């Protein structure tokens, strides 16, 4: 997980990112196994078995097996365009919702829905701030914003997944010549669906994260009294009220957008690093280690 994502998550939720097991060889291998498509795993096993035959091994492996210079050049060019698109999409998103969550737009709407009540000493929010109250306030003020934010991440994810398909096509045309050169592309294909599913789950969890965070952090509000409705409005989402923002609602939107943007950036970084690794191909030493593995794990290598 990136530092940027961890920091934005803490700023939004007030909590650290959920702890995960420390990375190690066994946990990494288990993660790869969980991601792998069984059908491609069978193909990889078959290719390894064929390459384990003595007459299938070349006497002098060549450098960069399955390397694809043209596809490698595409990574930097296309991923940079996706990053620029992401920056533009989130800039548009923030500007759009700063206007919609401003007092002049959202304030009268909440007034019509009877969220302001006169009390001794000023004005307070209706209800007591129970989970039911805070959920209703969230649904009427911030739910549409969170859904819109998730759509931005979905749009960018689709861009990145299309890029994967384009890169794989160029890679296969450029590098696949025999069974040995199929191994690395087969491994990438086996992992691709599992990778996409991880980012899909994270993207789809954004809406629940927004709602649960609002309900958990806002808490009781029956004793919060303000001089007028506008002051009350600015403080209704008080955990995100900050001098940088015109209201807690805007602060919620900005810090939530930080999480979504950081998640998108983490996805881009993952795929850039992955393709930069795969498209270099296997070095002679890596080829030797891969092909020296026994066809049957219970048998010693020749």
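In my numbering, the protein residues as written are 8 to 309.
Backbone N, C-alpha and C fix where the C-beta goes; we use that ideal spot for every residue, glycine too.
Nothing here was measured: the structure is a model prediction, and the numbers come from that model.
1) Please check the pair residue 171 and residue 79, which I expect to be a contact at CB under 8 Å, by giving their CB distance rounded to whole angstroms.
2) Go ahead and pull the three-state DSSP assignment for residue 183.
3) Indicate the three-state DSSP secondary structure (helix, strand or coil) for residue 133 in the structure shown.
4) Within 10 Å of its beta-carbon, does residue 180 have 16 or more other beta-carbons around it, so buried, or fewer, so exposed?
5) If we count the other Cβ atoms within 10 Å of its Cβ and call it buried at 16 or more, is residue 24 buried or exposed?
6) Helix, strand or coil, according to DSSP, for residue 11 in the structure here?
7) With 16 other CB atoms within 10 Å as the buried threshold, where does residue 126 fall?
8) Kindly indicate the opening and closing residues of the alpha helix (DSSP H) around residue 147.
9) Inspect the beta-carbon positions of residue 81 and residue 108 and report whether they are closer than 8 Å.
10) Pull the bridge partners of residue 233 from the DSSP assignment, please.
11) So what does DSSP say about residue 125, is it helix, strand or coil?
12) Let me know the secondary structure DSSP gives residue 115 once reduced to three states.
Considering the structure as presented:
1) Wrong, their Cβ atoms sit about 14 Å apart, outside the cutoff.
2) Here residue 183 sits in coil by DSSP.
3) Reduced to three states, the DSSP call for residue 133 is coil.
4) Under this definition residue 180 is an exposed residue.
5) With fewer than 16 other Cβ atoms inside 10 Å of its own Cβ, residue 24 counts as exposed.
6) If DSSP states are grouped into helix, strand and coil, residue 11 belongs with the helices.
7) It is exposed - the Cβ of residue 126 has fewer than 16 other Cβ atoms within 10 Å.
8) Going by DSSP, residue 147 is part of the alpha helix (DSSP H) stretching over 138-148.
9) One thing to note: residue 81 has its Cβ no nearer than 8 Å to the Cβ of residue 108.
10) For residue 233, which the question treats as bridged, DSSP gives the partners 130.
11) In the structure shown, the three-state DSSP call for residue 125 is strand.
12) Under the three-state reduction of DSSP, residue 115 is assigned to helix.
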